[in-house]
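J.:
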Amino acid sequence: MTAQTPPTPPFRDPHLPFAKRIDDLLSRLTLDEKAGFLHQFAPAVERLGVAAFRTGQEALHGVAWMGPATVFPQAVGLGASWNTDLVRRVGEAVAKETRAMRARDDRVGLNIWAPTVNLLRHPLWGRNEEGYSEDPKLTSAIATAYTRGLRGDHPTYWLTAPVLKHWLAHNNETDRATTSSSVRPRVLHEYDLRAFRETVEAGATAGVMPAYNLVNGRPNHVSPYLREYLRTWTDEELLVCSDAGAPSNLVDHEHYFDTHEEATAASLLAGVDSFTDHGTDSSQIVQRVRGALEQGLVTEADIDAAVRRQLSVRFRLAEFDPHHDPYADTRDFDTPAHRALAREAAEQAVVLLKNDGVLPLAPDTRIAVVGLLADECKLDWYSGTLIHRSTPLEGLYERFGAERVEFAEGVDRVLLRTSDGTFLHVPEAADAVDEVRGAEGALDPALLAGRTDLPPLTTDAAGTEFALVDWGEGVLTLRAPDGRYLSVAEDGRLRASADQPGGWVVQETFRLEPCESHESGHLLRHIGTGRHVSVAADGVKVADENPETFQLIVVESGEDAVTRVTAEADVVVVVAGNDPHINGRETEDRTTLRLPVQQERLLRAARAANPNTVLALTSAYPYAVDTEALPAVLWTAHGGQAAGTALARVLAGDVSPAGRLPQTWYADDADLPGLLDYDVIGGRQTYLYFEGTPLFPFGHGLSYTSFSYGDLAVRVAAEALQVSFTITNTGDVTADEVPQLYARAADPSVPRPRRELVAHRRVTLAPGERTELSFEVPLSALEFWDVAQGRPRLEPGPYELMAGASSEDVRLRTTVLLDGEPAAPRAVLEHGLDAADFDEQSGVDIVDRTKARGEAVTAAPGHTGELTYRFCDFGAGVTAVTVSAAGEGTVEISLDGGPALAVLTAEAPGSGPYDYTVLGAALTAEGVHDVHLRLRGALRLAHVGFSG
122 MTAQTPPTPP FRDPHLPFAK RIDDLLSRLT LDEKAGFLHQ FAPAVERLGV
172 AAFRTGQEAL HGVAWMGPAT VFPQAVGLGA SWNTDLVRRV GEAVAKETRA
222 MRARDDRVGL NIWAPTVNLL RHPLWGRNEE GYSEDPKLTS AIATAYTRGL
272 RGDHPTYWLT APVLKHWLAH NNETDRATTS SSVRPRVLHE YDLRAFRETV
322 EAGATAGVMP AYNLVNGRPN HVSPYLREYL RTWTDEELLV CSDAGAPSNL
372 VDHEHYFDTH EEATAASLLA GVDSFTDHGT DSSQIVQRVR GALEQGLVTE
422 ADIDAAVRRQ LSVRFRLAEF DPHHDPYADT RDFDTPAHRA LAREAAEQAV
472 VLLKNDGVLP LAPDTRIAVV GLLADECKLD WYSGTLIHRS TPLEGLYERF
522 GAERVEFAEG VDRVLLRTSD GTFLHVPEAA DAVDEVRGAE GALDPALLAG
572 RTDLPPLTTD AAGTEFALVD WGEGVLTLRA PDGRYLSVAE DGRLRASADQ
622 PGGWVVQETF RLEPCESHES GHLLRHIGTG RHVSVAADGV KVADENPETF
672 QLIVVESGED AVTRVTAEAD VVVVVAGNDP HINGRETEDR TTLRLPVQQE
722 RLLRAARAAN PNTVLALTSA YPYAVDTEAL PAVLWTAHGG QAAGTALARV
772 LAGDVSPAGR LPQTWYADDA DLPGLLDYDV IGGRQTYLYF EGTPLFPFGH
822 GLSYTSFSYG DLAVRVAAEA LQVSFTITNT GDVTADEVPQ LYARAADPSV
872 PRPRRELVAH RRVTLAPGER TELSFEVPLS ALEFWDVAQG RPRLEPGPYE
922 LMAGASSEDV RLRTTVLLDG EPAAPRAVLE HGLDAADFDE QSGVDIVDRT
972 KARGEAVTAA PGHTGELTYR FCDFGAGVTA VTVSAAGEGT VEISLDGGPA
1022 LAVLTAEAPG SGPYDYTVLG AALTAEGVHD VHLRLRGALR LAHVGFSG
């Protein structure tokens, strides 16, 4: 008798809809199994044949952390391309390499934690390199392109499953786990939410990751916005993955909840589906989930909802349909096509900021290439390991010939003399293996340890000459002659052991500090450990005691080396910029826009020796640089594996540059708002509102040819504007141009952007070629968030449309008159005023009304808060006012800027921040007025009501 084959369970049936299959699988999982699925590393369920699964594979501009892979330009560089087709192809290449790498290493995941959709509001943000633009329209266009490439084009199954980072209003690394971004409703809807919304609505997003910070006093990981907004933008099940360690931060750092069970329950109810905490150990999260269940804080249905969203992603990735997976045999890895694409992306990311005619360089040009990044191909925290590598020096050698190129790095060559007259010495390590950090891949590269197989530093009579670089603010690196950087491993010993500075805690940076007991001596502090370098009988190490006093002996200054090679050159190319692991990176914001002093000195030395000095900035962020005396300036983000070749081809004119700035380059630190000032409207931030003169404006970028614009035409349709204009290449070089279309409300009733990008396109034109471009601009793109109505509104009136080559280089303009919805006064007698729905403010912070939902307003510490609510209609009249407030302080109410008509005082010593009371006072008003409120003290104002 033959045993019957068990029937195929419905969740394995590819002919059934995913929803029914997920229902079936959920019904088969035990409560413990489902709780285990809530951790980043979901365990296998062997009895059902369900494999283990992990959320989170970093792949911002190539597969990261898992060893060698194709490395594309940084995200901000992809943003500078303004090319959605290019970025889609990059996303597709990254996804194919992810699939290929997973086929040989199951540590590689298919749930991609990219792209980063945070807007580049503030150029000092340490993670500027991860975003695309300061503009929500450009950011969403580039992010949508990348996610479409990552997702693939199959109607049912996904190539990979991208998750957008970091929800929401996250632009500071300083105290990022405890600071709150105060985001008024207009900024929330017109700026921060918009980039996420348009990307999600495009349909290629699998989920989002909340950010570490708080928004309006409430941690993003318990944000009601996840349900109120995010999940309403699509019918797809979106997987919300926590950031690493953030679930524990709710208790341990933010102290928002008293217990981890409460925090876990609140996160789950807010919409977090996968908890990234405690590395690969899921036991603590599972314990917290069970505790929340036992305390009645969540139900099994709440857990089911989260597990359903994870399973939805896994089904879309064809995990349960391996024989129907259209991507199962994808093995595209480091292909010629991917290498060519990496070069194309690097070329398209180069922005020509200034050119007085020195570029492009003639083929017989004698070039001196100098600078700290001239022979570097830098990686960042979210890079893979390089398979191929091209530095600017190598690119220029290849393009112009080594005999026509001279090089000087411009480092200071130094000896470090100890107090006994000997010098720091790097012992030979002839048999040492040449290792590259992270080449083997790691689920968490923060845990990678420094090398201990090399001999520690010693001292001797001759010493070793080190290349000293000051990366700014006194942060130094010291490099041995063999190219390895001084680093400190877990045993505290100093070794020349690192191929590059890097790691979650960089172990290759130092500071020279004055020694009080020695006039010309210095202590050498290792920044990673905070300890000083000590020379003992058993070698050189970092220690808490007996710091060594060093005298810095400069063998050759960087300026002297630069001067030596530049004087006889036809052109000098100075390659300056940043190391992505130092002074501006995840966990560390910058403090200034200025170039590091050492690099400014090198630039001055080159310019003094040779007026034909070209500055090529290679950096993750903008700089404020004096460009007046320079004939040409270029900028590119760190361009990945083909960066050097791309830069050389642009300098030579093989490629006409057409990158455009994705964010404003400010002229001075004084132009910047506070890092924590998230009110782009009130603070007049970004090109949208900035009223000063930038060093270079948003959208700026020059070409080796010229273009003319003409024939602007606009037709108003029911739901959109149909806009067209022509562009002609009037030069003699085939080149790309990036026509940009901006709009502005010409006579707004509230502060509106000076101009706002509504469309763009990157096009290639041969000399003399003319093309007509057509754009459809939805009328919704011209709306603003009406705080009085709590929704978007198109204001009737004139709107100016501007076409040009940048936000300031406008070539064509016209005005259209639109019928919109007239403003309506606030019906305060019926609805009162929600405190956060102000029109104008100063000296206030928006905070959480309760831990679950709602906003309140409080005076910022040390300030008197001022709030204005325009056009409040009191009808036939009111006789009383009430305020809902918590804490202690006063609320003064006046109309139209007149004297205070009512002063309400809250006196609630010992009460909590959410213990609201209603206070009342007499107030007489009729008709339409502006309401002004003044807040003093530690008082939270939630609502103002009127009656009578």
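Heads up: the sequence shown at position 283 corresponds to 404 in the working numbering, and the numbers run straight through without jumps. All C-beta atoms in this analysis are idealised placements derived from N, C-alpha and C, irrespective of residue type, glycine included.
1) I need the boundaries of the beta strand (DSSP E) containing Asn-232, first residue and last residue.
2) Using DSSP's beta-bridge definition, name the partner residues of Tyr-990.
3) If you follow the beta strand (DSSP E) that His-647 is in, where does it begin and where does it stop?
4) Looking at the structure shown, is Gly-624 part of a helix, part of a strand, or coil, going by DSSP?
5) Please state whether DSSP places Gln-962 in a helix, a strand or coil.
6) So, at 7 angstroms on beta carbons, what are the nonlocal neighbours of Ser-608 in its own chain, with the 5 sequence-adjacent residues on each side left out?
7) Might you give, ordered along the chain, the residues of its own chain that have their beta carbon closer than 7 angstroms to the beta carbon of Ala-1105, omitting 5 neighbours on each side?
8) Measuring CB to CB, does Val-735 end up less than 7 angstroms from Ala-753?
9) Mind checking which residues open and close the alpha helix (DSSP H) that includes Ser-148?
10) Measure the CB-CB distance between Thr-397 and Gln-161 and report whether it falls below 7 angstroms.
11) What does DSSP give as the partner residues of Arg-912 in its beta bridges?
12) Could you give the uninterrupted runs of the beta strand (DSSP E) lying entirely in the segment 170–249, keeping only those of 3 residues or more?
13) Alpha carbon to alpha carbon, what distance is there between Val-656 and Ala-582?
14) Quick one: what does DSSP say Ala-489 is sitting in, helix, strand or coil?
15) Between Arg-149 and the rest of its own chain, which residues show a CB-CB distance below 8 angstroms, the 5 nearest in sequence each way excluded?
16) What first and last residue would you give for the alpha helix (DSSP H) that runs through Ala-467?
17) Here's a check: name, in chain order, each residue in its chain whose Cβ is nearer than 7 angstroms to the Cβ of Ser-870, leaving out the five neighbours to either side.
18) Return the chain-ordered list of same chain residues with a C-beta closer than 7 angstroms to the C-beta of Phe-896, the five sequence neighbours on each side being excluded.
19) With 16 other CB atoms within 10 Å as the buried threshold, where does Ile-848 fall?
20) DSSP state of Thr-1003, grouped into three classes?
21) Is it buried or exposed for Val-1024, if we count other Cβ within 10 angstroms and need 16 for buried?
22) In angstroms with no decimal places, state the Cα-to-Cα distance between Phe-528 and Cys-636.
23) Could you check which residue in Gly-1019, Val-472 and Thr-1011 has the C-alpha nearest to that of Gly-1058?
24) Check for me: the alpha helix (DSSP H) holding Thr-268 runs from which residue to which?
25) By alpha-carbon positions, which one of Thr-295, Glu-677 and Val-695 ends up nearest to Val-490?
26) Return the Cβ separation of Arg-209 and Ala-266 in integer angstroms, given the expectation that the two are a contact with Cβ distance under 8 angstroms.
27) Entirely within the segment 794–872 and at least 3 residues each: give me those beta strand (DSSP E) ranges in chain order.
28) Taking the straight line between their C-alpha atoms, what separation do you get for Gly-230 and Pro-368?
29) Counting only runs of 4+ residues fully inside the segment 680–758, write out the alpha helix (DSSP H) ranges in chain order.
30) To the nearest whole angstrom, what separates the beta carbons of Asp-691 and Thr-486, a pair I think is in contact under 8 angstroms?
31) Anyone know if the C-beta pair for Gly-273 and Trp-279 falls short of 7 angstroms?
32) For Val-746 and His-702, I'd like the C-alpha separation in whole angstroms.
33) Suppose the cutoff is 8 angstroms on Cβ atoms and the five residues either side in sequence are ignored; what does the same chain contact list for Phe-521 look like?
34) For Glu-904 versus Arg-912, is the C-beta distance shorter than 7 angstroms?
35) So what's His-445 in DSSP terms, helix, strand or just coil?
36) With respect to the alpha helix (DSSP H) encompassing Tyr-346, which residues constitute its N-terminal and C-terminal limits?
T.: In terms of the structure at hand:
1) Counting from 1 along the sequence shown, the entry for residue 232 is found at position 111. Asn-232 -> beta strand (DSSP E) spans 232–237.
2) Sequence index remark: in the sequence shown, residue 990 carries index 869 (1-based). Answer is Val-1052.
3) Position 526 of the sequence shown, counted from the start, is the residue given in the question as residue 647. Its beta strand (DSSP E) spans residues 643–647.
4) Residue mapping note: residue 624 aligns to position 503 of the sequence shown, counting from 1. DSSP places Gly-624 in coil when its eight states are reduced to three.
5) Counted from its first residue, the sequence shown places residue 962 at position 841. Strand, per DSSP.
6) Here residue 608 is taken as the residue at index 487 of the sequence shown, counted from 1. So the list reads Gly-571, Arg-616, Ser-618, Ala-619, Gln-628 and Glu-629, once near-sequence residues are dropped.
7) Missing from the structure shown is residue 1105; the chain here goes from 122 to 1069 and no further.
8) Counting from 1 along the sequence shown, the entry for residue 735 is found at position 614. Counting from 1 along the sequence shown, the entry for residue 753 is found at position 632. Closer than 7 angstroms, so yes.
9) As a position in the sequence shown, residue 148 is number 27, starting the count at 1. It spans 139–149 - the alpha helix (DSSP H) in which Ser-148 sits, taken as one unbroken run.
10) As a position in the sequence shown, residue 397 is number 276, starting the count at 1. As a position in the sequence shown, residue 161 is number 40, starting the count at 1. Contact flag set, yes.
11) Working through the sequence shown from its first residue, we reach residue 912 at position 791. Its beta-bridge partners are Asp-907.
12) 232–237
13) For the purposes of this step, residue 582 is taken as residue 461 along the sequence shown, with counting starting at 1. For the purposes of this step, residue 656 is taken as residue 535 along the sequence shown, with counting starting at 1. Cα-Cα distance, rounded: 14 angstroms.
14) In the sequence shown, residue 489 corresponds to position 368, counting from 1. Reduced to three states, the DSSP call for Ala-489 is strand.
15) Along the sequence shown, one-based indexing puts residue 149 at 28. Result list for Arg-149: Pro-130, Phe-132 and Leu-169, in chain order.
16) For the purposes of this step, residue 467 is identified with residue 346 of the sequence shown, where counting begins at 1. 457–469 is the extent of the alpha helix (DSSP H) around Ala-467.
17) As a first step, residue 870 is located in the sequence shown; it is residue number 749 there, counting from the start. Once the five neighbours on either side are set aside, the close Cβ partners of Ser-870 are Glu-916 and Ala-944.
18) The count along the sequence shown starts at 1 and reaches residue 896 at position 775. Same-chain partners within the cutoff: Val-844, Leu-862 and Ala-880.
19) For this step, residue 848 is matched to residue 727 along the sequence shown. By the 10 Å Cβ count, Ile-848 comes out buried.
20) For this step, residue 1003 is matched to residue 882 along the sequence shown. In this structure, Thr-1003 counts as strand in the three-state DSSP scheme.
21) Within the sequence shown, numbered from 1, the residue matching residue 1024 stands at position 903. Result: exposed.
22) For the purposes of this step, residue 528 is identified with residue 407 of the sequence shown, where counting begins at 1. For the purposes of this step, residue 636 is identified with residue 515 of the sequence shown, where counting begins at 1. Distance between the alpha carbons of Phe-528 and Cys-636: 36 angstroms.
23) Position 937 of the sequence shown holds residue 1058. Closest by alpha carbon: Thr-1011.
24) Against the sequence shown, residue 268 aligns to sequence position 147. Taken as a continuous stretch (DSSP letters only), the alpha helix (DSSP H) holding Thr-268 covers 257–272.
25) Your numbering for residue 490 matches position 369 in the sequence shown. Val-490 has its Cα closest to that of Val-695, out of Thr-295, Glu-677 and Val-695.
26) The residue labelled residue 209 in the question sits at position 88 within the sequence shown. The residue labelled residue 266 in the question sits at position 145 within the sequence shown. Yes, they are in contact, since the Cβ atoms of Arg-209 and Ala-266 sit about 4 angstroms apart, within 8 angstroms.
27) 828–837, 841–850, 856–858 and 861–866
28) Here residue 230 is taken as the residue at index 109 of the sequence shown, counted from 1. Here residue 368 is taken as the residue at index 247 of the sequence shown, counted from 1. If you take the alpha carbons of Gly-230 and Pro-368, they lie about 22 angstroms apart.
29) 718–730
30) One-based indexing of the sequence shown puts residue 691 at position 570. One-based indexing of the sequence shown puts residue 486 at position 365. Contact flag correct, Cβ pair sits at about 5 angstroms.
31) Here residue 273 corresponds to residue number 152 of the sequence shown, with the count starting at 1. Here residue 279 corresponds to residue number 158 of the sequence shown, with the count starting at 1. It is a contact, given that the beta carbons lie within the stated cut-off.
32) Taking the sequence shown and counting its residues from 1, the one referred to as residue 746 is at position 625. Taking the sequence shown and counting its residues from 1, the one referred to as residue 702 is at position 581. Val-746 and His-702: Cα-Cα distance of roughly 21 angstroms.
33) Numbered from its first residue, the sequence shown carries residue 521 at position 400. For Phe-521, where only same-chain residues beyond five positions count, the Cβ hits under 8 angstroms are Leu-482, Pro-484, Thr-486, Ile-488, Ala-769 and Ala-773.
34) For the purposes of this step, residue 904 is taken as the residue at position 783 of the sequence shown. For the purposes of this step, residue 912 is taken as the residue at position 791 of the sequence shown. In this structure, Arg-912 does not lie closer than 7 angstroms to Glu-904 by Cβ.
35) Along the sequence shown, one-based indexing puts residue 445 at 324. DSSP places His-445 in helix when its eight states are reduced to three.
36) Taking the sequence shown and counting its residues from 1, one reaches residue 346 at position 225. Residues 346–349.
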